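Chemist: Note that this note's numbering numbers the sequence shown so that position 17 is 159, with each residue one more than the last. This is the structure, below, for whatever I ask next.
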Amino acid sequence: MPNTSKHKCECGSVFTLKSNLAKHKRTACSLEPNKIRFSCECGTAFTRKDHLLKHKQTSCSLETDIIRFSCKCGSSFTRKSNLTAHKQTACPLETDKIRFPCKCGRTYHEKRNLIKHKKQHLH
């Protein structure tokens, strides 16, 4: 039978695990005294300044000057790694350039998929 005991915080939040309540009190509870809180204009709050800055750079809905990585096809991303993955797998302008061919004639956009496919030839 699963543990259904509830762990309640003074702010009203309820958790099934005591460890989640402890983490909440350390990082997110607005009633905890002496918490240095960093708030964004969008209403999101953080206990660490670096988390606020990362939020503003990558996901804040109010930030209009978020650093974006743009693709020639018009897609844009907040992280360079997402742009790279897009170019390798989904971009209609780039996917024809990056192919990993198999001797059987099939081609793949990602090398890992070619490796997985080649293992099927062995069975």
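Note that CB positions come from ideal geometry on N, CA and C, so glycine has one too. Because the structure is a prediction, the values reported are computed rather than measured.
Would you mind giving the Cβ-Cβ distance between T220 and S201, rounded to the nearest angstrom? I have them listed as a contact below 8 Å.
Modeler: 7 Å
Chemist: Helix, strand or coil for S223, going by three-state DSSP, please let me know.
Modeler: helix
Chemist: Hey, H149 and L159 are a contact pair by Cβ (cut 8 Å); roughly how many whole angstroms apart?
Modeler: Confirmed, Cβ separation roughly 7 Å.
Chemist: How long is the line joining the alpha carbons of K196 and C182, rounded to whole angstroms?
Modeler: 11 Å
Chemist: What distance in whole Å lies between the Cβ atoms of K229 and C244, which are believed to be in contact at a cut-off of 8 Å?
Modeler: Between K229 and C244 the Cβ distance is about 21 Å, and since that is not below 8 Å, they are no contact.
Chemist: Suppose contacts are defined by Cβ-Cβ distances below 7 Å. Is P242 in contact with L264 by that definition?
Modeler: Note that residue 242 is Phe in the sequence shown, not Pro. It is not a contact, given that the beta carbons lie outside the stated cut-off.
Chemist: Assuming S161 is part of the alpha helix (DSSP H), what are its boundary residues?
Modeler: Under the DSSP assignment, S161 falls in the alpha helix (DSSP H) whose first and last residues are K160 to T169.
Chemist: Can you give me the C-alpha to C-alpha distance between S223 and L194, rounded to a whole angstrom?
Modeler: So the two alpha carbons sit approximately 21 Å from each other.
Chemist: Is the beta carbon of T226 sitting closer than 7 Å to the one on H251?
Modeler: no
Chemist: On the DSSP bridge assignment, give the partners of S212 in chain order.
Modeler: S218
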